[in-house]
Structure formats: structure tokens, C-alpha cells
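Asker:
Residue numbers (the numbering used here): 222 to 910.
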């Protein structure tokens, strides 16, 4: 993003806004969206009313005790609101930065491409879908669109945060432009693809600030589960009150269990910890994705990313480096490796392409041939052109040429030389292996061939091995022939590949996996990727790609980095892990609080419960106060974990479940016993119980 959100607790402005929003969220309409915390909200109101009544002499419990319970319950609600507000704060900070980058500008509207001179200046807010505008160097692109004529360098830093400009041109997969970016050179004609207020930037702002966030199916299902548990505890609490009244009546004593105490007990036993943090976990997950410069069009997509078990990745730029590099010098008979390398390096000194630079580096690394200075020996460099398909250098009466086999063959034969059968055999062998042969000739005589090949990115094989441990199958998509694809797939360590990929082939493969019950993720940038992106469960479109690809995907990678798909899966899994871990901790907490509170609360009526009072709490009132204070403070203690997420571990689902049950399940049982006892001791020490 244009401005990365700072550390939540270090940003004082965000912290202050979150505190303010915590009180704003006390609105009943907002509280009603979270049923579990609505129960706490109603309980806080109820105990406040009981305290007010107590001031007039109608006491349900000691006045100070009732007030303390009411205050703690209000703080519990505020802490839950704060957790959600601090998570939303990141998105709001990002949205503010994006709003600052958006400006209403004048647009140079033209009737059609062939009427460039008939310009009508209109405000960008009045542009409609289908309008055509011309944008020149130094001007801001007024709306989202497709380049239909021209090519220009565009500064997209306002959207992506990357300072390096990108080329946008008509045709191909680099024709989409985003409103709010700036043309740096030349000019382009754009056809507007969005209505006012529906631009990509508008969607980004709505998504990152949470305005467009909807609860995901898993989140809704978990909330229903938590509501069900809360209803059970309501029934349990009512039953306890009934038994308390009955037992007190049978014993001929006044009922020691007040309504205030039972309300507090209900809040302690209900799953308030995960109820308070559930929304924050979801918002934080989306925020982490935004910070990775990925815009998720729905929370469902993030969850799906966490459950993905099939990853389909493009070869070029994802598995291999974006450009082929020099791999080997293969001389013909009578020529040494060093002679070929020397000539190849000379012909590449002025070649600034990645392939050209790789030739220079390979000659230096293999044979210690140092790079010459461009001014050396009055060299005249021949640049590569699409027409000649070769480049080279002339110096001291020598001619060196490097290029495509057919181009060099014609160059040699036109000068009366011979393109040898040996060279032709080498060229065909490299081509059959999926490499690119570049023939080198000196003074119209073949010296040999440079073998360019796809270079597997460092660490990719290890990443795929980690994904395999997690139960995720990786599939490489490439336009190469099956033989070349198989070689690269084996070297990269992917599980499978789709060679000579077509739009239909990608779509059919995804459908086949989905029919078998798999969740599929893929990435793409072209119009030909749109059908497959629309079908995939997690579809990551490149921001630099076509409008069709971006509309088909449910995520947009603002960096246009194909490798981002792996990061997205990790963020999705981290979201699910965090939600599962804190749910386990919360439920384990409730079990522990039940055994900590019930014996202390009811052993006066049921002496047999004293055997379960292993904590030795001071009194029933101190037990309730200690438990409800712990219940409020644990929410604050877990906010950093909810925002940051549980540490991602590349383990199979079964091992992750076992580990989380051990760490967060056992930890959730032990923590209340320790801290409730400590709080009880402090209340007694300060004379508050």
C-alpha cells in the first residue's frame, strides 16, 4: 500500500482513535451484531440498574459489590470494542493514505481515437463507463480504464507503494490502468471501465477500512456455535439459581446467591474471550493481506486460501526468473570454450537486457574473462532489432554477431560463409530441451552456441517441499512443450504440470480438481486467464493485468508478483489457525472458570463441593470478582495475538490441531487457575474482598 500501517501500539493517533471508537461502539445497534458480547452488554446494563436500585435501599447484593461487577462488565464490553477498533484502525490508516492520493482532476475527453484533437475538458467525477480520454506526460489518470492506443511509463506508487514506474500499453496483458496514478512519459488513450464512485481505488478504500467487510461463512458458523454455548450457560445459570433458592428454602436460610452474582457467573462461563476477539481476528487477517499489497474482494477468499490444497502457478516469474539466462557455451569443432565465451562477451557488452548481462557474467565466472570498457578498441556496437534479430560489435576490422539461429545463418550465407551442420545440430538439441539457442559468429564464421535456459528461483524447491508437508499439491502452468515442462517441473520440485496451457486446459483442470473435492488457488494476469480465475476458489489477479482478469479474480495483487500466491495461502492459514487457537483457549478458559468458581460459590449450600475448592478462594464474592476481572483482562492480553496472528507453522492439519490443543487447550485450562488465585489474593491484600 502507499503507506504501510505502523505498529498498532506505537501509533498514538491510531490508539487514541481506537479508544474513542470503543465508546462509539456502545451503540445497541452495533452491539447487536455480536450476540456473545451483546449478552455481556445486557448484563452490564442489568447490574447497573441493580446498583441504582440498591442506592434506594432495595439491595440484591452489597452495593459496592454490585457497582464493582457493573464497572467490570462495562470494561469487558469496552475491551471487546477496543479489540475490534484497534484492528479497524490499521485499515482506516491505509484508507486515509489512499484518500490523500485520490484527487478530482480534469480529464481530457475525446470523441474517439481518431479525433485526438477534439478535446473536451471535464471533471473526472463526471466520466462514465465507455468514455475515452487522452492522458499525457505529467497528468494524472482520471479513472480506471484500458489503454486502447499508445504506450507510456506510469507511476503507480500511490497504489502499490513501489517507486519504480511501469509500462502500460495497448494490447496484451499490461493494458489496465488505475485512476489516481500518473503518466510520466509519452501519452496514452484510455477507455474508462468504471462508473464514478466505483473505481478500483474506491473499492480499495471501502475494503481496507472495513466498510465492505462481511462475515465469512466459517466466522458465521463459529458465531452460531458460540451463541449456542451461551444459551446453554444461560440455562445452566438459571438452573443454578433455581437449585440455590430451593436448597436455601429447605435449609431454612436466606438464599446467598444474588442475581448480580449469577449475572457475573453467566458472563464468566460464556465464551466471551473468543466472542470479543472474533471480529478483530477477521479484520486483522484482511489487514495483513492488505499490508502484503493484496486486496481481497471478500473475506471468504481469505478463508478459502487457508483451506487450499491445490496451487496452480505460472512458470515464468513464479518458479523461474522472469528472463532466461546464459547457462552454457557450446563451441563447434576447432573453437575452444574460452574463444566462444570471449566473443560472446564482446557482443554483449552493450546489451543491457537480462539475457545480455547474463552472457557477460557467465564468461567472467567460467573463464575469468574480465568485462571490457565500452570505449575499448574503438568498438562499434550493433543493437538488437526485431527486424535483424541479432546484435553484435565491430572492432579492429572484426565483426562479431550474436542472435537467433536463422538470422545468423542468413547473415553468414549472405556473406558467402557456411552455417555448419554441427551448429544446426546443437541448435536443435538445445531447442528440444526447452532452451533458447543463440548462435555466435565471428567474421562470418560460426564459433558456437550460447545455451539460454530458465533458471529456477533460489529457494523455490524448498518452498514447494514445505507446501507438500502441509498437504498442498503444486502444479506448474506453462506454454512450453511437455518435454521442456517435465524437465523444469522436476528441477523445481513441483508435483505436477500443465504443458502447452490453454484457457480451456486451465479451466478443465480446475473443474476436475473441484469435482474431486479440492480447493484450488491460481494466479493470472491476462484475458485468457479470466475463465480459470473465475472458476478457482482463490483467484489472484495481477494489478498490472487486464481488466477482465481483475474482475474475474477475488483478490488483486497490487505488486503484480506471481509468487505472492504462496504468501496469500500462508496468511489464510494463519487466520484459520489464530481463530482456532483462540477458540480453543476461550472454551478451555470457560471449563477452568467453572471449576474455579462453582465450588466457592455454592459450597455453603452444598458442603460436598468443598472437595472441589482446590484453589481455596477467600469467599464466594471474591471468587466472582476475581473471575470477572480475569475475564476482562484476558481480552486485553490477547489483543496483540489476535492482531499479529498465531505463528505460522508448516505442519499438516493433524499435527497443527494436536499442537494447538496442547498449547492453547492446556494453557487455557491452567491460566485461569493461576491468575484468578492471584487476583483473589490481591483483593484480600488490599481489603477489597
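Just so it is clear, CB atoms sit at the ideal spot from N, CA and C, and this is done for glycine as well.
For residue 756, which three-state DSSP category applies?
Answerer: Note: residue 756 maps to helix in three-state DSSP.
Asker: Rounded to whole angstroms, what's the CA-CA distance from residue 869 to residue 496? Just pull it up for me.
Answerer: Cα to Cα, the separation comes out at about 23 Å.
Asker: Between the Cα of residue 758 and the Cα atoms of 548, 469, 531 and 363, which residue gives the shortest distance?
Answerer: Of 548, 469, 531 and 363, the residue nearest in Cα terms is 531.
Asker: Is the CB-CB distance between residue 407 and residue 364 below 8 Å?
Answerer: In this structure, residue 364 does not lie closer than 8 Å to residue 407 by Cβ.
Asker: Taking the CB atoms as reference points, tell me whether residue 347 and residue 413 lie closer together than 8 Å.
Answerer: Cβ atoms of residue 347 and residue 413: not closer than 8 Å.
Asker: Check whether the region 787-807 touches the region 389-405, counting contact only when three or more Cβ pairs, one atom from each stretch, lie closer than 8 Å.
Answerer: No, the region 787-807 is not in contact with the region 389-405.
Asker: Report the start-end ranges of each alpha helix (DSSP H) in the region 338-385 that is 4 residues or longer and not cut off at the edges.
Answerer: Entirely contained in the region 338-385, the alpha helix (DSSP H) runs reaching 4 residues are, in chain order, 378-381.
Asker: Would residue 818 be called buried (16 or more neighbouring beta carbons within 10 Å of its own) or exposed?
Answerer: Buried.
Asker: Do residue 760 and residue 724 have their beta-carbon atoms positioned less than 8 Å apart in this structure?
Answerer: It is not a contact, given that the beta carbons lie outside the stated cut-off.
Asker: If the criterion is Cβ atoms closer than 8 Å, does the pair residue 685 and residue 714 meet it?
Answerer: Yes; because the gap between Cβ atoms is below 8 Å, this pair is in contact.
Asker: Can the beta-carbon of residue 523 be found closer than 8 Å to that of residue 533?
Answerer: Not in contact: residue 523 and residue 533 (Cβ atoms no closer than 8 Å).
Asker: Report, in whole angstroms, the separation of the C-beta atoms of residue 746 and residue 770, which I expect to be a contact under 8 Å.
Answerer: Indeed they touch by this definition, with Cβ atoms about 5 Å apart.
Asker: Looking at residue 293: is its Cβ nearer than 8 Å to the Cβ of residue 849?
Answerer: A contact, by the Cβ cut-off of 8 Å.
Asker: Nearest to residue 796 by CA position, among 510, 264, 366 and 326, is which residue?
Answerer: Comparing Cα positions, the closest option is 510.
Asker: Exposed or buried, residue 730, counting other C-beta atoms within 10 Å across all chains shown (16 or more means buried)?
Answerer: So residue 730 counts as buried.
Asker: In terms of residue numbering, what span does the alpha helix (DSSP H) encompassing residue 236 cover?
Answerer: Unbroken alpha helix (DSSP H) run through residue 236: 233-245.
Asker: Pull up the CB-CB distance for residue 901 and residue 838, whole angstroms please, since I reckon it's below 8 Å.
Answerer: Indeed they touch by this definition, with Cβ atoms about 5 Å apart.
Asker: If you check the beta carbons only, do residue 284 and residue 272 fall under 8 Å apart?
Answerer: Yes, the Cβ-Cβ distance between residue 284 and residue 272 is below 8 Å.
Asker: Would you kindly check if the distance between the Cβ of residue 706 and the Cβ of residue 699 is under 8 Å?
Answerer: For residue 699 and residue 706, yes; Cβs fall inside 8 Å.
Asker: Please go through the same chain and pick out, in chain order, the residues whose beta-carbon is closer than 8 Å to the beta-carbon of residue 655, but skip the five residues on each side of it.
Answerer: Excluding residues within five positions, the ones whose Cβ falls inside 8 Å are 674, 675, 701, 702, 704, 705, 706, 708 and 709.
Asker: Per the DSSP calculation, residue 695 is bridged to which residue(s)?
Answerer: Bridge partners of residue 695: 532.
Asker: Buried or exposed for residue 460, please, with buried defined as at least 16 other CB atoms from any protein chain shown within 10 angstroms of its CB.
Answerer: Residue 460 is exposed by the Cβ-count criterion.
Asker: Which residue from 452, 577, 782 and 888 puts its Cα closest to that of residue 256?
Answerer: Of the listed residues, the one whose Cα sits closest to residue 256 is 452.
Asker: With DSSP as the reference, label residue 595 as helix, strand or coil.
Answerer: Note on residue 595: pLDDT 49, under 50, position unreliable in the model; the coordinate value appears next. The answer is coil: DSSP assigns residue 595 none of H, G, I, E or B.
Asker: Buried or exposed: residue 563, going by 16 or more other Cβ atoms within 10 Å of its Cβ?
Answerer: It counts as buried.
Asker: Grouping DSSP H, G and I as helix and E and B as strand, with all else coil, what is residue 887?
Answerer: In this structure, residue 887 counts as helix in the three-state DSSP scheme.
Asker: Pick out whichever of 696, 881, 620 and 712 has its Cα sitting closest to the Cα of residue 726.
Answerer: Per the Cα distances, 696.
Asker: For the region 567-584 against the region 603-622, are there 3 or more C-beta pairs whose distance is under 8 Å?
Answerer: Because the criterion of three Cβ pairs below 8 Å is met, the region 567-584 and the region 603-622 touch.
Asker: By how many angstroms is the C-alpha of residue 375 removed from the C-alpha of residue 389?
Answerer: Looking at the two C-alpha atoms, the distance is approximately 7 Å.
Asker: Looking only at its own chain, which residues have a Cβ that is under 8 Å from the Cβ of residue 475, when we skip the five neighbours before and after it?
Answerer: Cβ neighbours of residue 475 beyond the five flanking positions: 469.
Asker: Could you check where the beta strand (DSSP E) with residue 412 kicks off and where it finishes?
Answerer: Element bounds for residue 412: 408-413.
Asker: For residue 679, does the count of other Cβ atoms within 10 angstroms reach 16, so buried, or fall short, so exposed?
Answerer: By the 10 Å Cβ count, residue 679 comes out exposed.
Asker: In this structure, does DSSP put residue 744 in helix, strand or coil?
Answerer: Three-state DSSP puts residue 744 in a strand.
Asker: Do residue 415 and residue 350 count as a contact pair if the criterion is CB distance below 8 Å?
Answerer: The answer is yes: Cβ separation under 8 Å.
Asker: Taking Cβ positions, are residue 717 and residue 871 nearer each other than 8 Å?
Answerer: No, the pair does not count as a contact, with Cβ atoms beyond the cut-off.
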